[in-house]
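Data block below; observations after.
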Amino acid sequence: MLPVSSLAAVRTPLATLAVAASGGAVAAWIGAPLPWLIGAQVSLCLLALSGRQLFGAPPSWPRSSRQIFLPILGLMISNAFTSEILRQIPDWWSSLLLLSVFLVLVHAAVFLLFLKFGRYDLPTAFFASFPGGFVEATLLGTERGGNQRLILIQHFLRISLIVLIIPLVFWWFGGQVVGSMVQSDLVGPRTPLSVSDVIVLAGAGIGGTLFARRLRLPAADISGAILFGAIVHLVGWTDGTPPAVLIAVTQLVVGTSLGVGFVGIAARDLVQALGLALAAFALMMTMAVLAAFGLHGLLGMRFEALLLAFAPGGLAEMSLIALSLHLSVPFVTLHHLYRIFFAVAVLPQAYRFVERTRSGAP
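Going by my numbering, the letters in the sequence shown line up with residues 6 to 367, in that order.
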């Protein structure tokens, strides 16, 4: 029997997961897109904003759970990196080049929106409009004197709005059911994994994650598993992939993590930031749609894949949508990895230039 202190430590997270799963079940029942992610996210967001507590504590969920399930998602994605896909990657340089320009323009537009209309101070406006690297943006912005609370709120809203609205748009206008478990063969084998498959995949997931963390690669928990998973598939050590049901479980974990992110945010602060966030969302998505249309004609790729590649949402969330729609997951994933790398590596240098320019320093 668990001691009372241990029960107290786990009952709030378990209750949080139960609320998230209930929201996911309702979303799945009504046929919503990405039901376990969106249902969990919305139900916990509403619970957090209501101020209700679970067993005397705010809703909570260990962020470390993502460190387990994001490598699993990385292994799912890695199965799509076939030799044919590897031969196509050099042809994607034009879209990556345009993505670089797109990121600069999007960041500039949202930065000016926050600065002029939101009246945010310079570091807050700059890093709240960062189109990637959520954690890095918050840390860098805080170090430079920005308002950590506003930066956090705007990034939570950016990711939440994109993850919530994009699947709904595909659902309403395209009739595509995104992430519904009605299609149980979204990804993964129809036969059980062998013991050797499990060992190889587990080794790739753990080894890849540790390797990526060691090298401080962007989104290490997912990028390392993608890299090592692709290698073990290409060399023929396994042709297996994690079971399709883990898509629903991964959705639930990601949605729960997003939902509890609203804990501690006052409803008044959220409402004040929401107008700016919606305007920023409209700006970002308008520019993403234009870029996707332009590249659709240039590259001949599906518009949906290009839109997911350019939408500045979360890597895990956009990859889940791409998996569910049977789009080119490597294409979408590679662009989001590049987006995070570009944002973290290039934009902080741009801040120094903006700061010097506004201060009049040489």
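By construction, the Cβ of each residue, glycine as well, lies at the ideal position given by its N, Cα and C atoms.
Does residue i pass the burial test, meaning 16 or more other C-beta atoms within 10 Å, or should it be called exposed?
{"i": "Glu-148", "result": "exposed"}
{"i": "Glu-309", "result": "buried"}
{"i": "Phe-373", "result": "Nothing in the structure corresponds to residue 373, since the chain is present only between 6 and 367."}
{"i": "Val-140", "result": "exposed"}
{"i": "Arg-361", "result": "exposed"}
{"i": "Ser-88", "result": "exposed"}
{"i": "Leu-352", "result": "buried"}
{"i": "Asp-226", "result": "buried"}
{"i": "Val-192", "result": "Residue confidence is low: Val-192 scores 47 on pLDDT, short of 50, so the model does not pin down where it sits. No coordinate-derived value is stated."}
{"i": "Phe-358", "result": "exposed"}
{"i": "Pro-95", "result": "exposed"}
Could you give the C-beta distance for residue i and residue j, rounded to a whole number, given that I count them as a contact under 8 Å?
{"i": "Pro-247", "j": "Ile-77", "result": "5 Å"}
{"i": "Ala-133", "j": "Ile-170", "result": "Wrong, their Cβ atoms sit about 19 Å apart, outside the cutoff."}
{"i": "Ala-224", "j": "Ala-209", "result": "Actually they do not touch by this definition, with Cβ atoms about 16 Å apart."}
{"i": "Ala-316", "j": "Met-323", "result": "6 Å"}
{"i": "Leu-300", "j": "Ala-114", "result": "Incorrect: roughly 19 Å between the Cβ atoms, too far for contact."}
{"i": "Met-292", "j": "Val-109", "result": "Going by Cβ atoms, the distance from Met-292 to Val-109 rounds to 11 Å, so no, they are not a contact pair."}
{"i": "Leu-54", "j": "Leu-239", "result": "Actually they are not in contact, since the Cβ atoms of Leu-54 and Leu-239 sit about 46 Å apart, beyond 8 Å."}
With DSSP as the reference, please indicate the residues paired to residue i in a beta bridge.
{"i": "Ala-62", "result": "Leu-59"}
For residue i, which three-state DSSP category applies?
{"i": "Thr-246", "result": "coil"}
{"i": "His-2", "result": "Not covered by the structure: residue 2. The range shown for the chain is 6 to 367."}
{"i": "Met-186", "result": "Annotation note: pLDDT 42 at Met-186 (below 50); position unreliable, coordinate value reported separately. In this structure, Met-186 counts as coil in the three-state DSSP scheme."}
{"i": "Arg-154", "result": "helix"}
{"i": "Met-290", "result": "helix"}
{"i": "Arg-357", "result": "helix"}
{"i": "His-331", "result": "coil"}
{"i": "Ser-201", "result": "helix"}
{"i": "Val-15", "result": "helix"}
{"i": "Ile-252", "result": "helix"}
{"i": "Ser-134", "result": "coil"}
{"i": "Leu-39", "result": "coil"}
{"i": "Met-81", "result": "helix"}
{"i": "Phe-267", "result": "coil"}
Give a single yes or no on whether residue i has its beta carbon closer than 7 Å to a heavy atom of the ligand SAM.
{"i": "Gly-150", "result": "Among the components modelled here there is no ligand, and therefore nothing to report on the ligand SAM."}
Assess, as a yes-or-no matter, whether the region 114-129 is touched by the region 148-160 under the definition of 3 or more beta carbon pairs within less than 8 Å.
Short answer: they touch.
Could you say if the region 34-49 and the region 254-264 meet the contact criterion of at least three C-beta pairs nearer than 8 Å?
Counting Cβ pairs under 8 Å, three or more are found: they touch.
Three Cβ pairs or more, each shorter than 8 Å: is that satisfied between the region 18-31 and the region 240-258?
By the criterion of at least three beta-carbon pairs nearer than 8 Å, the region 18-31 is in contact with the region 240-258.
Stretch-stretch touch, CB-based, cutoff 8 Å, three pairs: the region 275-284 with the region 158-166
They touch, by the three-pair rule.
Would you say the region 207-217 touches the region 79-89, given that touching needs at least three Cβ pairs under 8 Å?
Short answer: they touch.
Would you say the region 333-349 touches the region 83-102, given that touching needs at least three Cβ pairs under 8 Å?
Yes, the region 333-349 touches the region 83-102.
May I ask you to verify whether the region 13-20 touches the region 54-63, counting CB pairs closer than 8 Å and requiring at least 3?
Judged by Cβ distances under 8 Å, the region 13-20 makes contact with the region 54-63, as three or more pairs qualify.
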